[in-house]
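To start, the structure under review is shown below, and the notes come after it.
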Amino acid sequence: MDKKLRPIIKWTGGKYDEFALFAAHIPKFDRYIEPFFGGGGVFFALQPSVKSFVNDKSTDLINFYKQIGNKDFHNHVVENPIIITVEFYKFSPHEQDLFGAAISEGKMTVIREFAHNDTSPNYSVVAKVNTNFTAFRDELNGTKKRSVFNALRKQYTDLPACATVDEMSSALKEWEAKNLSQCSFEKVKAFFGATNVAAGKLATKTALHFIPAVREVSQDTEGSRSPAVALLA
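Just so you know, the sequence shown maps onto residues 1 to 233 in this note's numbering.
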């Protein structure tokens, strides 16, 4: 192997750090057998390519090693996104006006989804909206947004004529606020006001940090690095 492996747990009598002192005295072998494995210092230092057998008096230790495999790799199963949901309460009058239909019974639910290899996860919010307006909200192209809005005006004749996309968006929000009986709670992706929540710290509060199940503490704190666990504080 090109990558050097290290013991994943500390164990009394471990010899990984001292391996260089006796490595030259290890004879050639075609089978590796270690009855008292412990932390596996010699095994990980050697990384034997031959058939290997390891055991230990501690059944708990052996069971621990048996649980380790590809299934522990955090990207092994990537079909389901990681979803972070945050609920906000106690809004000021300005915030109530800003978030509008996203606030229901004094609560706003903001959702952030992380898909595999997605570097820019989007925010969404659970709000009472007209699902017929979803195409407008999801469309990113300004020209196409105008086309969608004009089509909606034919269906909803009380929608006003608007000159800009921002005016169109505001008009749809106002319509929903006046016609709640025709709306339902849905997850809305294009929720641009979300980052203003919590004094602009929503990105921090909904950040995703991968913390490996096994991490070498001494390496984790080298130089200017901060321990990953500190991010949970």
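Backbone N, C-alpha and C define an ideal beta-carbon position, used for all residues, glycine too.
Runs of the beta strand (DSSP E) lying entirely within the segment 20–83, each at least 3 residues long, are 32–34, 52–54 in chain order.
Rounded to whole angstroms, the separation of the alpha carbons of GLY41 and ASP30 is 19 Å.
Taking ILE103 as reference, the option from HIS25, TYR32, LYS173 with the minimal CA-CA separation is LYS173.
Excluding residues up to 5 positions away in sequence, PRO7, GLY38, GLY39, GLY41 lie with their Cβ nearer than 7 Å to the Cβ of GLY14 in the same chain.
The closest CA to that of PHE36, considering only LEU61, VAL129, ILE26, is found on LEU61. Short of 8 Å from the beta carbon of LYS145, and not among the five residues preceding or following it, lie these beta carbons of its own chain, in chain order: PHE136, GLU139, VAL165, MET168. Between the alpha carbons of SER184 and THR131 lies a gap of roughly 8 Å.
Around the beta carbon of SER124, a 10 Å sphere encloses 16 or more other beta carbons of the protein chains shown; the residue is thus reported as buried.
For PRO81, the closest C-alpha among the options ALA23, PRO160, ARG112, LYS66 is that of ARG112.
Straight-line spacing of the CA atoms in GLU34 and PHE53 works out to 6 Å. Taking a C-beta distance under 8 Å as the contact criterion, MET108 and PHE133 do not qualify as a contact pair. For SER92, the three-state secondary structure derived from DSSP is coil. Looking at the DSSP output, ILE111 bridges to THR85, SER124. Nearest C-alpha to TYR156 among ASN179, LEU98, THR143, PHE19: ASN179.
In this structure, the CA atom of LYS51 is about 20 Å from the CA atom of GLN67. Residue state for GLU167 is assigned as helix, using DSSP reduced to three classes. Taking C-alpha positions only, PRO48 is separated from ILE9 by approximately 19 Å. A distance below 7 Å between beta-carbons, with the five flanking residues on each side excluded, links GLN182 to the following residues of its chain, in chain order: ASN130. With respect to ALA45, TYR16 sits close: the two C-beta atoms are nearer than 8 Å. For GLU139, the secondary structure class from DSSP, reduced to helix, strand or coil, is coil. At a Cβ-Cβ threshold of 8 Å, ALA127 and GLU186 count as neighbours. In the three-state reduction of the DSSP assignment, LYS145 falls in the helix class.
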